[in-house]
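What follows is a single structure, written as structure tokens, with notes after it.
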Amino acid sequence: MATRSQTPRAFPFLVKVTQISYRHDPTAPRLTNDGYWQPPKRKDNFGVHYSTGWWVWDPYHQGEAPYARLRTPSDAELSSREVHRTGTMFWAPDRQAYSYRPENCLEMDLNRSDSPYRRLGFNIYGNSNLVLVAYHGKDFQLPYRAPPRMLNTLFPPVYASRSTANRECTIAGDLAIIIGLIVLSTANTKENMLKAIDTTFRRHLNSTQYAVNQDLRPVRGVLERGIIVEICSFDGGVSGRVLKDWENGIYGEMLS
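With numbering that gives the first Met the number 0 applied, the sequence shown covers 0 to 255.
This is the structure we're talking about:
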């Protein structure tokens, strides 16, 4: 695991975010048994509102305008892409929380799936203060106190730790979920999505500090909102195995 004395590791990946629209089936319940809103179950109930298209998040990109870390992929990079993560993520204002399933809701009906929507989960990496954001998590709240810059920005208050330990967590985990957290914490436009990814996720290569963008204040809103996040590896980047090791904490924190 990387330490503070080592250069934080970061690896390139392809990313695409799709903002989805939806309509509820009038024959299906809109609320769960405990009275909370739930996403539609059938793929036919969803549509594409808009998409960012494919971008490469590249820690070694030289930073040509308008982005510092995002760049347009080459045809060869696009044609060589291999799916690493695909997930559908919703912001539910009645819960003030997110739900996630590791599938594309446009391609798979929920009743045909083995992956239902779940609350975000958190696992501790070994005996460290590194917390992994995951689909299957031991805890539904952060096990350790989050850095103040992450609360109400990356994480809504519902995820605040109950721990009284004087221990501050760092973050790694499922890239699709982390990108989803970043995107859903800002206003619903393609431009804001890309700016949020570019300016808050590892803005500086030699630092993992979550960089709050003061121009992109958290705007989760009072309406349900859903996105599909796709993450791919590609030739010339790193393998899916390396990305998975990065997510699993082998290379240390992604954000702090």
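Just so you know, even glycine gets a beta-carbon here, dropped at the ideal spot from N, CA and C. In this text the structure is predicted, and so the values were computed from the model without any measurement.
- Query: Among residues of its own chain, excluding the 5 on either side of G235, which ones have a beta-carbon nearer than 7 Å to its beta-carbon?
  - Reply: E76
- Whole-angstrom distance between I178 and S114, CA atom to CA atom: 20 Å
- Task: Flag this pair as yes or no: are the beta carbons of T87 and I227 separated by less than 8 Å?
- Result: yes
- Provide the residue(s) that pair with I196 in DSSP beta bridges, ordered along the chain. Note: I196 sits in no beta bridge, so no partner.
- Task: Return the chain-ordered list of same chain residues with a C-beta closer than 8 Å to the C-beta of T2, the five sequence neighbours on each side being excluded.
- Result: The pLDDT assigned to T2 is 38, lower than 50, so where the model puts this residue is not dependable; a value taken from the coordinates is nonetheless given after this. Contacts found: G251.
- Indicate the three-state DSSP secondary structure (helix, strand or coil) for S78 in the structure shown. S78 falls in the helix class under three-state DSSP.
- Beta-bridge partners of Y97, as assigned by DSSP: BP columns for Y97 point to W90.
- Taking the alpha-carbon positions, what's the Q140 to F12 distance? 28 Å
- Item | Buried versus exposed call for R240 [16 or more other C-beta atoms within 10 Å across all chains shown] | exposed
- Message: Using only the alpha-carbon positions, how far apart do R29 and G46 sit?
- Response: 18 Å
- Message: What does the Cβ neighbour count give for Q95, buried or exposed, with the cut at 16 atoms within 10 Å?
- Response: Exposed, because fewer than 16 other Cβ atoms sit within 10 Å of the Cβ of Q95.
- If we count Cβ pairs, one from each stretch, closer than 8 Å, do we get three or more for the segment 165 to 183 versus the segment 124 to 134? yes
- Message: Using only the alpha-carbon positions, how far apart do S73 and S160 sit?
- Response: 42 Å
- Given that a residue counts as buried once 16 or more other Cβ atoms are within 10 Å of its Cβ, and exposed if not, what is N44? buried
- Item | For V14: DSSP bridge partner residues | Under the DSSP definition of a beta bridge, V14 partners with W54 and I230.
- Query: For the putative contact between L153 and Y97, defined by C-beta atoms under 8 Å, what is the C-beta separation to the nearest angstrom?
  - Reply: Actually they do not touch by this definition, with Cβ atoms about 11 Å apart.
- Query: What whole-angstrom Cβ distance do K257 and M107 have, given they're in contact under 8 Å?
  - Reply: Nothing can be reported for residue 257: it is not among the residues displayed for the chain, which extend from 0 to 255.
- Item | Rounded straight-line distance, which links the Cα of W53 to that of Q37 | Q37 and W53 have their C-alpha atoms some 29 Å from each other.
- Closer than 8 Å by C-beta to S112: which residues in its own chain qualify, once you throw out the five before and the five after it? Chain order, please. Closer than 8 Å at the Cβ level, and outside the excluded window around S112, lie R100 and E102.
- Query: Apart from the five residues just before and just after H48, which ones in its own chain have a Cβ nearer than 7 Å to its Cβ?
  - Reply: For H48, same chain residues with a beta-carbon under 7 Å away, outside a window of 5 residues either side, are Q18, I19 and S20 in chain order.
- Query: When DSSP labels each residue in this structure, what does A175 get in the three-state scheme?
  - Reply: helix
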